[in-house]
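Down below is the structure, laid out as structure tokens.
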């Protein structure tokens with residue numbers, strides 16, 4: 003699998019007139035090589051693929067990065083990399099500008115002995131379109147969050163705190179096979195549900211509260227991300243109005259999103275509907291984002307989303323309405339773009355769950 007990714011990257015290197023790419027981003031390193039260690043660097047040229055790492059991974063690295071030549075670097079890794087660049091005759095080296103600090107750049111510039119050329123997210127471009135194995139891994143993470151949501155419907159009760167809910171969410175996911183949450187779990191209830199990224203607090207859940215849960219499972223290197231909003235006790239007409247508008251906007255987007263449209267066009271589907279119902283100013287974030295080895299990747303479904311959707315991309319679809327002092331609703335699913343539209347990977351019910 004990694005050799006296919008290397009070949010695709012080499013095509014991009016040729017398009018950008020680069021002799022090689024120096025890979026320092028941890029997620030990109032794993033994506034390109036399969037190596038899961040905490041420290042290492044990749045050097046990918048038009049002919050060679052090399053993984054530099056340290057003594058701790060002397061055994062692990064060759065087992066995981068089977069398509070790479072593994073070199074154990076000196077205490078100062080840059081010196082070993084510089085020697086290798088000289089041996090290979092590389093003089094113009096692309097580097098991951100979004101993963102290198104200015105201090106690191108200065109160090110590489112003084113030690114590597116080559117021309118450093120900023121490369122703009124070349125591997126991230128490859129990661130946008132998932133292969134069949136990646137889709138299956140993300141589907142497994144989605145199946146777990148679906149089971150977690152079903153479990154939570156039998157767990158949540160008035161009187162517990164948001165932290166209690168978040169802890170149970172994370173415990174259930176870990177106990178069911180997740181390596182970790184995909185991100186900091188969001189649980190926001192009542193007036194706090196108007197906070198789109200309201201981290202769980204000590205607020206006590208009360209009857210009449212919306213409870214928004216935004217959570218995900220990280221498994222086998224890939225993420226899922228789901229949001230559901232429920233209510234404790236009987237909803238008022240205002241609760242139902244807000245919920246129904248968000249749900250209708252999300253269903254409309256799921257029905258209309260298709261390959262060939264930009265992230266901006268996808269975002270407008272739900273945004274225009276919510277605006278038509280008088281709540282446009284209260285939907286302040288993008289409709290969604292790419293999902294994969296990281297919970298937030300390209301492409302973005304937003305007012306500025308420039309990438310064109312292609313089959314194999316996996317994105318979230320998550321409209322919301324947030325009313326300060328009252329509460330908010332967000333409903334989110336993970337979907338894979340197909341040849342004709344999208345296919346849902348998260349399958350939990352989206353009817354308004356009323357917990358009495």
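In the working numbering, the protein residues as written are 3 to 358. Beta carbons are placed, not taken as given, at the ideal position from N, Cα and C, and that holds for glycine. Remember, predicted model here, so these are calculated numbers, not experimental data.
#### Entry: C-alpha gap between residue 355 and residue 217, whole angstroms
Translated into the one-based positions of the chain shown, residue 355 becomes position 353. Translated into the one-based positions of the chain shown, residue 217 becomes position 215. Answer to the nearest angstrom: the Cα atoms are 17 Å apart.
### Query
DSSP on residue 20, reduced to helix/strand/coil?
Counting from one through the chain shown, the residue named residue 20 turns up at place 18. Residue 20: coil per DSSP, three-state reduction.
### Query
In three-state DSSP terms, what is residue 334?
For the purposes of this step, residue 334 is identified with residue 332 of the chain shown, where counting begins at 1. Strand at residue 334.
### Task
Please report how far the alpha carbon of residue 278 lies from the alpha carbon of residue 269, in whole angstroms.
Here residue 278 refers to the residue found at position 276 of the chain shown. Here residue 269 refers to the residue found at position 267 of the chain shown. Cα to Cα, the separation comes out at about 14 Å.
### Message
Could you give the first and the last residue of the continuous beta strand (DSSP E) run that contains residue 193?
### Response
Working through the chain shown from its first residue, we reach residue 193 at position 191. Premise fails: residue 193 is in no beta strand (DSSP E) and is neither H nor E.
### Query
In angstroms, rounded to a whole number, what distance separates the CA positions of residue 115 and residue 337?
By 1-based counting over the chain shown, the position of residue 115 is 113. By 1-based counting over the chain shown, the position of residue 337 is 335. One C-alpha to the other measures close to 45 Å.
### Task
Starting from the Cα of residue 109, find the closest Cα among 79, 29, 345 and give me that residue.
For the purposes of this step, residue 109 is identified with residue 107 of the chain shown, where counting begins at 1. Looking at the Cα atoms, 79 is the closest of the given residues.
### Query
Which residue comes first and which comes last in the beta strand (DSSP E) that contains residue 94?
Residue 94 sits at position 92 when you count from the first residue of the chain shown. It spans 94 to 98 - the beta strand (DSSP E) in which residue 94 sits, taken as one unbroken run.
### Task
Rounded to whole angstroms, what's the CA-CA distance from residue 321 to residue 298? Just pull it up for me.
Taking the chain shown and counting its residues from 1, the one referred to as residue 321 is at position 319. Taking the chain shown and counting its residues from 1, the one referred to as residue 298 is at position 296. Between residue 321 and residue 298, the C-alpha separation is close to 16 Å.
### Message
Which of the three DSSP states is assigned to residue 32 in this structure?
### Response
Numbered from its first residue, the chain shown carries residue 32 at position 30. Three-state DSSP puts residue 32 in a helix.
### Task
Jot down the residue ranges of each uninterrupted alpha helix (DSSP H) in the stretch 293 to 333, minimum 4 residues, whole runs only, in chain order.
none
### Task
Please classify residue 289: does DSSP put it in a helix, a strand, or coil?
To locate residue 289, count along the chain shown from 1; it is residue 287. DSSP places residue 289 in coil when its eight states are reduced to three.
### Query
Tell me the DSSP bridge mates of residue 217?
The residue labelled residue 217 in the question sits at position 215 within the chain shown. Note: residue 217 sits in a beta bridge opposite 228.
### Validate contact between the stretch 88 to 102 and the stretch 65 to 72 using beta carbons, cut 8 Å, 3 pairs
no
### Query
Can the beta-carbon of residue 55 be found closer than 8 Å to that of residue 74?
The count along the chain shown starts at 1 and reaches residue 55 at position 53. The count along the chain shown starts at 1 and reaches residue 74 at position 72. Contact flag set, yes.
#### Entry: Beta-carbon proximity of residue 94 to residue 20, cut-off 8 Å
Mapped onto the chain shown, residue 94 falls at position 92. Mapped onto the chain shown, residue 20 falls at position 18. Against a cut-off of 8 Å, the Cβ pair of residue 20 and residue 94 comes out as a contact.
### Task
To the nearest angstrom, report how far apart residue 164 and residue 206 are at their CA atoms.
Translated into positions along the chain shown, residue 164 becomes position 162. Translated into positions along the chain shown, residue 206 becomes position 204. Taking the straight line joining both Cα atoms gives about 7 Å.
### Task
Would you mind reading off the limits of the beta strand (DSSP E) that contains residue 345?
Locating residue 345 in the chain shown gives position 343, where the first residue counts as 1. Unbroken beta strand (DSSP E) run through residue 345: 344 to 346.
### Query
Considering only C-alpha positions, which residue in the set 5, 329, 36, 26 is nearest to residue 222?
For the purposes of this step, residue 222 is taken as residue 220 along the chain shown, with counting starting at 1. Of the candidates 5, 329, 36, 26, the one whose C-alpha sits nearest the C-alpha of residue 222 is 36.
### Task
Evaluate the contact criterion for the stretch 126 to 142 versus the stretch 310 to 325: three or more CB pairs, one atom per stretch, below 8 Å.
yes
### Query
Is residue 199 buried or exposed, if buried means 16 or more other CB atoms sit within 10 Å of its CB?
Taking the chain shown and counting its residues from 1, one reaches residue 199 at position 197. Result: exposed.
### Task
Could you tell me the boundaries of the alpha helix (DSSP H) in which residue 129 lies?
Position 127 of the chain shown holds residue 129. From DSSP, the alpha helix (DSSP H) with residue 129 extends over 124 to 129.
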